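Protein chains in written order, with full-length UniProt numbering: chain V, 1 to 231; chain A, 1 to 231.
The structure appears right after this line, and notes come after that.
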DNA sequence: GTCGTTTATTGATCTTGCGCAAACTCCGGA
DNA sequence: TCCGGAGTTTGCGCAAGATCAATAAACGAC
């Protein structure tokens, strides 16, 4: 197997403070893997024996309720660690990770987590602050679900995806990975029907344009207003 | 000021593995404080300069939306650390902490967090696993808000409080701190009216009994069924 | 190309639970 | 003891959004 190139991760937040030699060490222990769109990276309840770095693509973190409904907890952009539950003393993954677009991960056995924390400067503090940020996001999410109306939630959800992964296209900003109406419904706690109606209405109003699985936001500021963000 | 007794914290999870001498060190750096019911321990947005241990009483973690609504994110029982956001690299507290019943805290300056992590065996791993558990809870909360109907959410919420802080009384199990209908509404993303109606209905059905600010669950199993926990 | 599946749209109807309003009860303080 | 405020109960009407249902468009496999 060809050696992984150091430039792959040298610039990423978790490893920013490390020298070439350390990057090399880390890469030599990593197992790279490609994931097709829709495929499972790890599954809820599975023994959590590895943690991952998402090099390219987008990942959806999903939970399934006892009654079979799916809830999308978050989307992860490239450059972030995923599946770090084992590092938090959890024996199993608390949610499933699905590849939202074709993607590439590196994986390490969970025993290396402690080693990384101790040996690589900046890794521990990055991990901590990533968790802090994640708490913040979850609190936001709960607050939103508890207080906002459906239209505001969907608007906020679309905006979040755009902010996290928007790429400029002519006429607006496009969400960089495939998203269905059902996906948005699973993120916002509503139904695909309602999401479809909202997107249709927004399209009539010139706020978004959408094709199958793709959404382009043409008037972000108006979405911000709809989302009820009181600044 | 009288020295704090070592037995106060020696048995608590974060400090379980420490010897007398270490417990002494920790206590000598702590600032104890009593909080009246309803008083603020720290406030959202405030500079996060201390972290706390809740020795006695119950604490509500609350966020206020830009539109003035309150959302109760969690209740914390005695023996747990609170306000550990600064340890996660956050410069300000992400939520407010209110004393739900008269309570007692110990506080340490945030710079000691790193010292505790390093010097006291078991502290770091306890902190990690507490965070892991907290993530789990937040994921549960999001899932619940996104998929369950109001009655199920309220039932689950009451059950959670009972499980966390229930004390046996004649005729059932009582939630150990004062809770109003409005509080439950703020936890479950509904209105106090709906909560009141639900509790009245449950009282008619013999599932709960409630006085002002106090709830006794007389038929927990029936609440479990209502909460839609498919086990 | 054709077939089958996945995704999206849209209408009609029904239900949940919110908003509003009014009254009542409990409790603490003057 | 009375008063005022906080907490609670309950009724009624309405609207947001779920559910049911049917169709259409896009795509992949063959």
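Glycine included, each C-beta is placed from N, C-alpha and C at the ideal position.
Treat the numbers as computed from the prediction; the structure is a model and nothing was measured.
Closer than 7 Å at the beta carbon, the chain V residues around residue i
{"i": "residue 129 of chain A", "result": "88, 89"}
{"i": "residue 73 of chain A", "result": "139, 142"}
{"i": "residue 69 of chain A", "result": "147"}
Beta-carbon proximity of residue i to residue j, cut-off 8 Å
{"i": "residue 58 of chain A", "j": "residue 165 of chain A", "result": "yes"}
{"i": "residue 155 of chain A", "j": "residue 223 of chain A", "result": "yes"}
{"i": "residue 44 of chain V", "j": "residue 74 of chain V", "result": "no"}
{"i": "residue 134 of chain A", "j": "residue 144 of chain A", "result": "no"}
{"i": "residue 87 of chain A", "j": "residue 139 of chain V", "result": "no"}
{"i": "residue 117 of chain V", "j": "residue 31 of chain V", "result": "no"}
{"i": "residue 79 of chain V", "j": "residue 104 of chain V", "result": "no"}
{"i": "residue 98 of chain V", "j": "residue 160 of chain V", "result": "no"}
{"i": "residue 92 of chain A", "j": "residue 147 of chain V", "result": "no"}
{"i": "residue 115 of chain A", "j": "residue 186 of chain A", "result": "no"}
{"i": "residue 178 of chain V", "j": "residue 40 of chain V", "result": "no"}
{"i": "residue 85 of chain V", "j": "residue 127 of chain V", "result": "no"}
{"i": "residue 130 of chain V", "j": "residue 192 of chain V", "result": "no"}
{"i": "residue 108 of chain A", "j": "residue 29 of chain A", "result": "yes"}
{"i": "residue 122 of chain A", "j": "residue 17 of chain A", "result": "yes"}
{"i": "residue 142 of chain A", "j": "residue 142 of chain V", "result": "yes"}
Limits of the alpha helix (DSSP H) - the one that residue i falls within
{"i": "residue 166 of chain A", "result": "Where residue 166 of chain A is concerned, there is no enclosing alpha helix (DSSP H), although the beta strand (DSSP E) it sits in stretches over 166-169."}
{"i": "residue 42 of chain A", "result": "Note, residue 42 of chain A: premise wrong, no alpha helix (DSSP H); beta strand (DSSP E) at 40-42."}
{"i": "residue 227 of chain V", "result": "No alpha helix (DSSP H) holds residue 227 of chain V; DSSP gives it neither H nor E."}
{"i": "residue 47 of chain A", "result": "Careful: residue 47 of chain A lies outside any alpha helix (DSSP H) and carries neither H nor E."}
{"i": "residue 184 of chain A", "result": "181-188"}
{"i": "residue 136 of chain A", "result": "123-147"}
Cβ of residue i within 8 Å of any chain V Cβ
{"i": "residue 189 of chain A", "result": "yes"}
Same chain, Cβ closer than 8 Å to residue i, five either side skipped, listed in chain order
{"i": "residue 207 of chain V", "result": "217, 218, 219, 222, 223, 226"}
{"i": "residue 46 of chain A", "result": "92, 93"}
{"i": "residue 132 of chain A", "result": "none"}
{"i": "residue 157 of chain V", "result": "184, 187, 188"}
{"i": "residue 171 of chain A", "result": "209, 216, 218"}
Span of the beta strand (DSSP E) around residue i
{"i": "residue 99 of chain V", "result": "96-99"}
{"i": "residue 106 of chain V", "result": "103-109"}
{"i": "residue 26 of chain A", "result": "Residue 26 of chain A -> not in any beta strand (DSSP E); alpha helix (DSSP H) instead, spanning 20-28."}
{"i": "residue 6 of chain A", "result": "Unbroken run through residue 6 of chain A: none, as it is neither H nor E."}
{"i": "residue 16 of chain A", "result": "Segment: none, residue 16 of chain A is in no beta strand (DSSP E) and carries neither H nor E."}
{"i": "residue 62 of chain A", "result": "59-64"}
{"i": "residue 237 of chain A", "result": "Nothing about residue 237 of chain A can be read from this structure; chain A reaches only from 1 to 231."}
Contacts that residue i makes with chain V (C-beta to C-beta distance below 8 Å)
{"i": "residue 63 of chain A", "result": "139, 143"}
{"i": "residue 85 of chain A", "result": "132, 135"}
Below-8 Å beta-carbon distance, residue i vs any chain A residue
{"i": "residue 164 of chain V", "result": "no"}
Spatial neighbours of residue i in its chain, beta-carbon cut-off 7 Å, leaving aside the 5 residues before and after
{"i": "residue 196 of chain V", "result": "181"}
{"i": "residue 124 of chain A", "result": "117"}
{"i": "residue 22 of chain A", "result": "120"}
{"i": "residue 6 of chain A", "result": "20, 23, 24, 27"}
{"i": "residue 69 of chain A", "result": "none"}
{"i": "residue 12 of chain A", "result": "79"}
{"i": "residue 3 of chain V", "result": "none"}
{"i": "residue 169 of chain V", "result": "216"}
{"i": "residue 42 of chain A", "result": "83, 93, 96, 97"}
{"i": "residue 101 of chain A", "result": "37, 57, 58, 177, 178"}
{"i": "residue 10 of chain V", "result": "23"}
Chain A residues whose Cβ lies nearer than 8 Å to that of residue i
{"i": "residue 125 of chain V", "result": "89"}
{"i": "residue 136 of chain V", "result": "90, 94"}
{"i": "residue 182 of chain V", "result": "Those do not exist, as residue 182 of chain V stays about 13 Å from chain A at its closest Cβ, beyond 8 Å."}
Same chain, Cβ closer than 6 Å to residue i, five either side skipped, listed in chain order
{"i": "residue 176 of chain A", "result": "165, 167"}
{"i": "residue 173 of chain A", "result": "162, 166, 217"}
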